[in-house]
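Residue numbers (UniProt numbering): 1 to 411.
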């Protein structure tokens, strides 16, 4: 098969990282073709915006950078090129104003993702970016050309430079399915295994609790856990009981720590304070009061403010004699042990960790073993909590990769 020739840049993947790479490369005067396996670009971006499009976060830059954990230093360099303020200014350039919510998260004024994406794609087209949907990447042929599965059959393209922005492994039905991993590994690229991030965990509830309380919110609660060095930590937030375990914003924020602990030990324990507004001493005193003819449920409601799913969780972890011991009951309310067995599958996760190791790339995000091939977005080996941090780093990496590819072509 004779390869088509694209003397400019071919970007594979139409998510935020790929589109930002297209924008920055086109601004540098490079011909750009964006190839997307699905029928339209930005599908995961649109899904993330269904509950209100969280673009970035308004916290101070020093704290912002630390959200990237072990990769804070690397991603801090990305953010020097394109940070949260730049993202808000960029959105304004598309006619979308933003505001900072009470949680510090930054949203479009209409809370919607679709108008922003439509305006962005329209501007890219006007600026000369060419889009090719239903172009699913199949790796490289023996001559190093890009292979695509298209409605018209297989197409082979010899690109001047390539940006891979293929996403991680979460939400595969939207295009991020991780099928690219063996193709890069076969060419010597160091790829860390993909793992779920910002995910829920399996506990293994009794049928009674799972049937009656799946979907029930737990709020407010304070999570207590220990890190790899044995240091204790705590964090207040909200979570949700699922049929198999637990998920929600508080759990997502801790998911990397919990996942890694399970990988080390085969399991881990998270403790929840079900009554953060009451001291242990107060609970012990109040629960020790005679309950007379009142049921345990009524006693918990009156003396501890514990009702519904919180009461059910106490019954889940304590035996009858323990439930009738006010000291044990008070201690468990303040430190309810949840034994986490495993993270939920990566396909259910909000995002993923693992991917192309940053050590396999130069500062322009070009692969050391594949000159002219750049990578951006969630397919790189980093992770961050929800709250706008994921999206901001995807934008920043896309800008760096696009600029790097343009510089490479102009050389």
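Positions of the beta carbon are idealized from the N, C-alpha and C atoms, including for glycine. Keep in mind that this is a model prediction, so the values were computed, not measured.
By alpha-carbon distance to residue 297, the top candidate from 332, 290, 306 is 306. For the UniProt domain "RsdA/BaiN/AoA(So)-like insert" (195-351), the continuous alpha helix (DSSP H) assignments of 4+ residues that do not extend past its boundaries occur at 207-213, 249-265, 280-287, 296-304, 308-317, 320-323, 326-334, in sequence order. Contact check for residue 216 against residue 308 passes: the beta carbons are separated by less than 9 Å. The three-state reading of DSSP puts residue 403 in helix, counting H, G and I together.
For residue 150, the enclosing beta strand (DSSP E) stretches over residues 146-150. Residue 235 places its beta carbon less than 9 Å from that of residue 254.
A distance of 9 Å or more separates the beta carbons of residue 379 and residue 159.
When secondary structure is reduced to three states using DSSP, residue 385 falls in the coil class, being assigned neither helix nor strand. The criterion of a C-beta distance shorter than 9 Å is satisfied by residue 196 and residue 344.
With respect to residue 311, residue 283 sits apart: the two C-beta atoms are not nearer than 9 Å. Around residue 22, the same chain offers 11, 32, 34, 124, 129, 402 as residues with beta carbons nearer than 7 Å, after the five sequence neighbours per side are excluded. Between the beta-carbon of residue 337 and that of residue 242 there is about 18 Å, and that puts the pair past the 8 Å contact cut. A direct Cα-to-Cα measurement between residue 372 and residue 405 gives close to 7 Å.
Residue 191 is a Cβ neighbour of residue 354, given a cutoff of 9 Å. Taking the CA atoms as reference points, residue 99 sits about 10 Å from residue 55. Boundaries of the alpha helix (DSSP H) harbouring residue 74: 72-81, taken from the DSSP string.
The beta carbon of residue 59 is closer than 7 Å to those of 104 in its chain, skipping five residues each way along the sequence. Inter-segment contact for the segment 147-155 and the segment 83-97 is absent: fewer than three beta-carbon pairs are separated by less than 8 Å. Take residue 317, set aside five residues on each side of it, and the residues of its chain with a beta-carbon closer than 7 Å to its own are 332, 336, 337, in chain order. Counting along the chain, residue 154 sits inside the beta strand (DSSP E) bounded by residues 153-164. If you check the CB distance, residue 184 and residue 225 do not come in under 9 Å. Closest in C-alpha terms to residue 227, from the list 210, 334, 264, comes 264. Note on residue 238: under 16 other CB atoms within 10 angstroms of its CB, so exposed under the neighbour-count rule. A direct Cα-Cα distance of roughly 14 Å separates residue 325 from residue 280. Partner residues in the beta bridge of residue 353, as assigned by DSSP, are 195. Going by DSSP, residue 132 is part of the beta strand (DSSP E) stretching over 130-132. If the five residues before and after residue 409 are omitted, its C-beta is found closer than 7 Å to the C-beta atoms of 8, 9, 30, 160, 161, all from its own chain and listed in chain order. Residue 261 and residue 272 have their alpha carbons spaced roughly 17 Å apart. Out of 347, 374, 348, the CA that lies nearest to the CA of residue 360 is found in 374.
Annotated three-state conformation of residue 140 is strand, per DSSP. Between the segment 376-391 and the segment 202-213, the count of Cβ pairs shorter than 8 Å is below three; the stretches do not touch.
Secondary structure of residue 371 (DSSP, three-state): coil.
Each of 78, 113, 63 was checked against the Cα of residue 41, and the nearest Cα belongs to 113. Within the same chain, Cβ atoms closer than 7 Å to the Cβ of residue 178 are found at 168, 169, 194, the five residues on either side in sequence being excluded. The beta carbon of residue 288 is closer than 7 Å to those of 326 in its chain, skipping five residues each way along the sequence. Taken through DSSP and simplified to helix, strand or coil, residue 69 comes out as helix.
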